[in-house]
Amino acid sequence: MSAAIEDVVTESPGVIEAVPKRAMTLGTGTSLVMLGLLLLTPLFVKNFIIFQMTMLLIYGVAVLALNILTGGSGQFSLGQSAFYAVGAYTSAILMEHAGMNYALTLPIAGIICFAFGFLFGQPALRLSGVYLALATFALATAMPQLLKLGYFEQWTGGVQGLVVTKPDPPEAVQSMLSWLHLKMSQDMWLYYFTLVITIAIYIFSVNLLRSRSGRAFMAIRDNEIAASAMGVDVALYKTLAFGVSAGITGVAGGLGAITVQFVAPDSYTITLAISLFLGMVVGGVGWLPGSIVGSAFIIFVPNIAEGISKGLSGAVFGVLLFLVIFLVPHGARQVAIVGQQLIGRFRKN
Amino acid sequence: MRSEELRVAALAAAVIVFTSGTALAQKKYDAGATDTEIKIGNIMPYSGPASAYGVIGKTEQAYFNKVNAEGGINGRKINFVSYDDGYSPPKAVEQARKLVESDEVLLVFNPLGTPSNSAIQKYLNAKKVPQLFVATGATKWNDPKNFPWTMGWQPSYQSEAHIYAKYLLKEKPDGKIAILFQNDDFGKDYLKGLKDALGAKASMIAAEESYEATEPSVDNHIVRLKASGADVFISITTPKFAAQAIKKLAEIDWKPLHIVSNVSISVGGVIKPAGFENAQGMLSAAYAKDGADPQWDNDPGMKKFYAFLAKYYPDANKLDASVVYGYGAAQTMVKVLEMCGDNLTRDNVMKQAASLKDFAPDTLLPGIKINTSATDFAPIKQLQMMRFKGEKWDLFGDIISGELSE
Amino acid sequence: MELFTNQILAGIATGAIYACMALAVVMIYQAIDHLNFAQGEMAMFSTFVSWQLMQWGAPYWGAFVITLVFSFFGGIAIERLLFKPLAKAPILTNVAGFIALFAIINSVAGLIWDFTIKQYPTPFGSSPFLGSQLISTHQAGMIGVTVLLLVGLYFFFQFTRIGLAMRAAASVPESARLVGINTSWMIALGWGMAAAIGSIAGMLIAPVVFLEPNMMGGVLIYGFAAAVLGGLTSPLGAVIGGFLVGIFENLAGTYIPGVGNELKLPIALALIITVLVVKPAGLFGRPIVKRV
């Protein structure tokens, strides 16, 4: 049409709002309370709830990974399910075919996904906004088809997937507990194992965003051109953000495979990528602690929706989602900020 | 483990108390069963890409409502707890654990989908909870040795494929076969069945094309298959794609011997939308009656089925094969629970499910019967071939079993 | 050679589906500067409405026109009720809104009309077109309608006051407001038009893929891909993109040995991404210059 005319557009800074670094984390008091709850609750609930809490942490880690990418470096991804799938399959294949210890498979899953994400970040460099959304979306749609491919079938199990063995608590832990006449279930062991990894990843992420790299991510997010003018190697940091995000997602995927005890192409469709995205929005883009809130949303709200109506569970979910974004368009972060202000006012009085 | 022992001790104590008192000792229960109630779990894709099958769960709910309204099973009401997994295996695991550990159901009945069932099979078997009459045609559910707590219901995809292969070997031994199959467990299982049964004659297959369930249309695959020069077309497709294929075949004027899988034989849900004139002479095999086929209007079993729909599920679309399916499966479940009598333990449920003798739900074709044994966990094994003529399927030939050993 | 020509023709036939949807995608992009994930579901719902009207006895064209009007006002209503309140919210929150809308429409349609496939009539007939068995008169008619729509949109955006205003409102809202354009209503109007175009796409696609609540799921990704390939700002690009994707995909499925058929969608998408890496604004899109 009018290809000769070039649109000159100021890059809208509103795509992802600038979140000050400090606001990305929780205060020490709140953190300790959270930690206490996460540590103690499993002792008093059924195994099924422990399983749900484990999934909560795993999806929380995956949402956190997306948050680093989008909230941190301003790149949008609808393809996180692909990295999650690669992590899950890496762990599953190493455990079932190579007989490797489950805990050792996780760093490998992380490294493979980091490499995969870093490579994917290369072409993604030239894309932004809608184009990047499409490219990542394409990745997410392609992944189940790749996993089904006949050539990999002897490792992936093809369309049938792979059954993964659930790990027992280590002997050392068991014998220690037997002194107290206690026995730890597989679910509980897996929960604490996941919790340790989650906390480690959380601390790593917080420090990453506070580091020099984190500042570079955020400079790119807020204004790419200005960032490059200030000497930030935009290409390096953008792909790095992709790699880190993919690596963390891969670890979450590996944990997911161990917890669910099963991997199959149908587990990692575009629906998973969309769920993770929703989790990030609901939790608050760029606010790391919100990841767990978002994860709770994507696990529990569908259950609530189906409890209200089976035939219309999709519609009820949609309505609940609308309610949330109408009330708090900035996600759980907004609630936290309001809460903080209230407490502040309370203290003054 | 300690609590388990305690429970056993308590149970033993209770049994002693009861035996010394009354004859009530006959009653034996596992979690989920009481004097007044039997709790049954179920997992269905009410949302997500496979939500079309959610109708099965709704039909089963309606059927159990009917049973309860008529007095229940040996005086016990069925409490049907059905959860949505959105066709996602991780969600299915979560829901299965919720059913077993939180709702404490007696058994999990008719959970849908090969991926979801594969995901929960190991867990349910470890917990010794029956995973009964799973709603998938994969062959692997008939494995009582390794998975004594899992049982299928419908004929397996492979055994159905064997029937077509046998037919082709007999009627068209020089045919060139073109196959269109869905690239998932259903299509792959089927393809394997075909190849196994063709055996040395597998070279009859001139072309095979797979499609993804997410593709909008399979038209181009059909064009390519036609180019292979085949004169037999086997369509291993789900309803929408089966209908597209029937229509496209007519549009491009390709007239091979057309065989469509049992999944897509619904007259109202597949063939009518695709056009009756395009489907003449098409072949398939069936084990159940078609709810929209007028030839069953005076069939006593289907009369009961229509009466049930009118009273308990008036919104149902009787064109939908899933309604007929859910009815038959639920009826089999009720039969097993009736056979259990007052011994509602998980052990006994499995034992009764594995001793069905010539049971014929209202919706199965005349002559097709459900038989199971301790070594045979495939309830329905027989099918009958049929040819489409006019506006309905004409059954022909004997009722045949698809077991390869024959 | 014959196979090759046939595959190109077959690709064009499927491409027509993608082109139609891509036009609707471009329309909404022009109005809101973003993609609407619920667009396919809106089109599906409109198509069901027209089907229902025909079930009640309306003639094809009567149902067609009523559906257009219904979709237009339906689109405006959705914008006013659901997305205007989110105007100040971050874009990602809006995307979450699209996903919610997707879930609602899909689920409601499933409840009203259930999931069995429905036959949908075509006004063009489905006999072979010009003797070629690869393109039916319906597909030819579909290409014709797409071209008509394209010309219509071209004139609308290039020469009508309101079309120009809409473009201005989408790309530089502040300046548009300064020259007196009511940007808020321009967005609503864009939603209405996108919904109407989407309903045409739905009514043209339904005879090929059969009508059912999930019918647009697969089409939408191709529509997005086509629009992005052609350039999101160019209706012509979107249509050409649609045909290219159709042909690409079909040739990949035929000629790449081994994995071609199984992976034709990923291969087609990979090609598109390659094109985008070279030409980030798509084949026909206007390059966007960023400034600080």
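Chains as they are written, first to last, in our numbering: chain A, 1 to 349; chain B, 350 to 755; chain C, 756 to 1047.
Backbone N, C-alpha and C define an ideal beta-carbon position, used for all residues, glycine too.
Problem - Cβ separation of residue 585(B) and residue 536(B), assumed to be a contact under 8 Å, to the nearest whole Å - result: The residue you call residue 585(B) lines up with position 236 of the second sequence. The residue you call residue 536(B) lines up with position 187 of the second sequence. So it is a contact: roughly 5 Å between Cβ atoms.
Exercise for the section: Consult DSSP for residue 511(B) and reduce its assignment to one of helix, strand or coil. Expected result: One-based indexing of the second sequence puts residue 511(B) at position 162. Helix.
Exercise for the section: Have a look at residue 374(B) and residue 312(A) and give me their C-alpha separation to the nearest angstrom. Expected result: Within the second sequence, the letter at position 25 stands for residue 374(B). Within the first sequence, the letter at position 312 stands for residue 312(A). A caution first: residue 374(B) carries a pLDDT of 47, below 50, which makes its placement in the model unreliable, though a value can still be read off. Going from the Cα of residue 374(B) to the Cα of residue 312(A) covers about 45 Å.
Practice task
Name, in chain order, the residues that DSSP records as bridge partners for residue 741(B).
Solution key: Taking the first residue of the second sequence as 1, we reach residue 741(B) at position 392. Paired residues: 738(B).
Exercise for the section: State yes or no: is the beta carbon of residue 96(A) nearer than 8 Å to at least one beta carbon in chain D? Expected result: Absent from the structure is chain D; the protein chains it does hold are A, B and C.
Handout entry: Other residues of its chain near residue 186(A): CB distance less than 8 Å, five sequence neighbours each side excluded
Key = As a first step, residue 186(A) is located in the first sequence; it is residue number 186 there, counting from the start. If you ignore the 5 residues before and after residue 186(A), its C-beta comes within less than 8 Å of the C-beta of 166, 167, 168, 169, all in its own chain and listed in chain order.
Practice task
Quick one: which residues of the segment 458–474 of chain B get their C-beta closer than 9 Å to a C-beta of chain A? List them in chain order.
Solution key: 462, 463, 464, 465, 467, 468, 469, 470, 471, 472
Exercise for the section: Would you check if the distance between the CB atom of residue 607(B) and the CB atom of residue 574(B) is smaller than 8 Å? Expected result: Indexing the second sequence from 1 puts residue 607(B) at position 258. Indexing the second sequence from 1 puts residue 574(B) at position 225. No.
Handout entry: Proximity test, Cβ basis, 8 Å: residue 627(B) and chain C
Key = Indexing the second sequence from 1 puts residue 627(B) at position 278. Residue 627(B) does not count as touching chain C.
Problem - Where residue 1(A) falls: helix, strand or coil (DSSP) - result: As a first step, residue 1(A) is located in the first sequence; it is residue number 1 there, counting from the start. Bear in mind that a pLDDT of 36 at residue 1(A), under 50, signals an unreliable position, so the model cannot answer this.
Exercise for the section: Answer yes if the segment 47–61 of chain A comes into contact with the segment 288–307 of chain A, meaning at least three C-beta pairs across the two stretches below 8 Å, and no otherwise. Expected result: yes
Problem - 8 Å Cβ shell around residue 372(B) - same chain, five flanking residues per side excluded - result: Residue 372(B) sits at position 23 when you count from the first residue of the second sequence. Reliability of the predicted coordinates at residue 372(B) is poor, the pLDDT of 43 falling under 50, and the value obtained from them is presented with this limitation in mind. Contacts found: none.
Handout entry: DSSP state of residue 26(A) mapped onto helix, strand, coil
Key = For the purposes of this step, residue 26(A) is taken as the residue at position 26 of the first sequence. Here residue 26(A) sits in coil by DSSP.
Handout entry: Member of 758(C), 877(C), 909(C) whose CA lies at the smallest distance from the CA of residue 778(C)
Key = For the purposes of this step, residue 778(C) is taken as the residue at position 23 of the third sequence. Across the set 758(C), 877(C), 909(C), the C-alpha of 909(C) shows the shortest separation from the C-alpha of residue 778(C).
Handout entry: residue 385(B) classed as buried or exposed, judged by whether at least 16 other C-beta atoms fall within 10 angstroms
Key = In the second sequence, the residue the question calls residue 385(B) occupies position 36. By the neighbour-count criterion, in which 16 or more other beta carbons inside 10 Å mark a residue as buried, residue 385(B) falls on the exposed side.
Exercise for the section: Could you name the residues of chain B that residue 964(C) contacts, counting a contact when the two beta carbons are closer than 8 Å? Expected result: Here residue 964(C) refers to the residue found at position 209 when the third sequence is read from its first residue. In chain order: 565, 566, 589, 593.
Practice task
Report yes if the C-beta distance between residue 823(C) and residue 951(C) is below 8 Å; otherwise report no.
Solution key: Counting from one through the third sequence, the residue named residue 823(C) turns up at place 68. Counting from one through the third sequence, the residue named residue 951(C) turns up at place 196. The answer is yes: Cβ separation under 8 Å.
Practice task
Please list the partners that residue 791(C) has in chain A, where partner means a Cβ-to-Cβ separation under 9 Å.
Solution key: Here residue 791(C) refers to the residue found at position 36 when the third sequence is read from its first residue. Going along chain A, no residue has its Cβ under 9 Å from residue 791(C), so there is no contact; the nearest lies around 11 Å.
Handout entry: For residue 249(A) and residue 50(A), the rounded distance between their alpha carbons
Key = Along the first sequence, one-based indexing puts residue 50(A) at 50. Along the first sequence, one-based indexing puts residue 249(A) at 249. Cα to Cα, residue 50(A) sits roughly 21 Å from residue 249(A).
Handout entry: Near-chain A residues of the segment 846–869 of chain C (beta-carbon distance less than 7 Å), N- to C-terminal order
Key = 846, 847, 848, 851, 852, 854, 855, 856, 858, 859, 861, 862, 863, 866
Exercise for the section: List the DSSP bridge partners of residue 386(B). Expected result: Translated into the one-based positions of the second sequence, residue 386(B) becomes position 37. Bridge partners of residue 386(B): 426(B).
Handout entry: CA-to-CA distance, residue 441(B) to residue 84(A), given in whole angstroms
Key = Taking the first sequence and counting its residues from 1, the one referred to as residue 84(A) is at position 84. Taking the second sequence and counting its residues from 1, the one referred to as residue 441(B) is at position 92. Those two C-alpha atoms are separated by around 18 Å.
Handout entry: Coarse secondary structure for residue 883(C), derived from DSSP in three states
Key = Here residue 883(C) is taken as the residue at index 128 of the third sequence, counted from 1. In the structure shown, residue 883(C) sits in a strand (DSSP, three-state: E or B).
Practice task
Could you confirm whether any beta carbon from chain A is found closer than 8 Å to the beta carbon of residue 979(C)?
Solution key: The count along the third sequence starts at 1 and reaches residue 979(C) at position 224. Yes - at least one Cβ of chain A is within 8 Å of the one on residue 979(C).
Handout entry: Cα-Cα separation, residue 134(A) to residue 1031(C)
Key = For the purposes of this step, residue 134(A) is taken as the residue at position 134 of the first sequence. For the purposes of this step, residue 1031(C) is taken as the residue at position 276 of the third sequence. Inter-residue distance for residue 134(A) and residue 1031(C) is about 10 Å (C-alpha atoms, whole angstroms).
Problem - Buried versus exposed, by CB contacts within 10 Å (16 or more), residue 341(A) - result: The sequence position of residue 341(A) within the first sequence is 341, counting from 1. Exposed, by the Cβ-count rule.
Exercise for the section: List the residues of chain B that residue 159(A) touches, going by C-beta distances under 9 Å, in chain order. Expected result: Taking the first residue of the first sequence as position 1, residue 159(A) is located at position 159. Within chain B, the residues near residue 159(A) are 463, 464, 532, 533, 534, 535, 536, 537, 538.
Problem - When 727(B), 749(B), 737(B) are compared against residue 717(B), the one with the closest alpha-carbon - result: In the second sequence, the residue the question calls residue 717(B) occupies position 368. The candidate whose alpha carbon is nearest that of residue 717(B) is 749(B).
Exercise for the section: Identify the continuous alpha helix (DSSP H) that holds residue 227(A) and give its terminal residues. Expected result: As a working note, residue 227(A) is residue 227 in the first sequence. First-last of the alpha helix (DSSP H) with residue 227(A): 224–229.
Exercise for the section: Identify whether residue 434(B) lies in helix, strand or coil by the three-state DSSP scheme. Expected result: Indexing the second sequence from 1 puts residue 434(B) at position 85. Here residue 434(B) sits in coil by DSSP.
Exercise for the section: Report the option in 820(C), 927(C), 955(C) whose CA atom is closest to the CA atom of residue 904(C). Expected result: In the third sequence, residue 904(C) corresponds to position 149, counting from 1. When each option's Cα is compared against that of residue 904(C), the closest is 955(C).
Practice task
Classify residue 817(C) as helix, strand or coil using the three-state DSSP reduction.
Solution key: Here residue 817(C) refers to the residue found at position 62 when the third sequence is read from its first residue. It is helical.
Practice task
Quick one: residues in its chain with C-beta nearer than 6 Å to the C-beta of residue 616(B), no 5 flanking neighbours on either side, listed in chain order?
Solution key: Mapped onto the second sequence, residue 616(B) falls at position 267. Excluding sequence neighbours, residue 616(B) sits near 639, 641, 642.
Handout entry: Whole runs of the beta strand (DSSP E) within the segment 908–936 of chain C, excluding any shorter than 3 residues
Key = Within the segment 908–936 of chain C, no complete beta strand (DSSP E) run reaches 3 residues.
Practice task
Consult DSSP for residue 393(B) and reduce its assignment to one of helix, strand or coil.
Solution key: Residue 393(B) sits at position 44 when you count from the first residue of the second sequence. Of the three classes helix, strand and coil, the one that applies to residue 393(B) here is strand, per DSSP.
Practice task
For the alpha helix (DSSP H) containing residue 625(B), list its first residue and its last residue.
Solution key: To locate residue 625(B), count along the second sequence from 1; it is residue 276. Taken as a continuous stretch (DSSP letters only), residue 625(B) belongs to no alpha helix (DSSP H), as it is neither H nor E.
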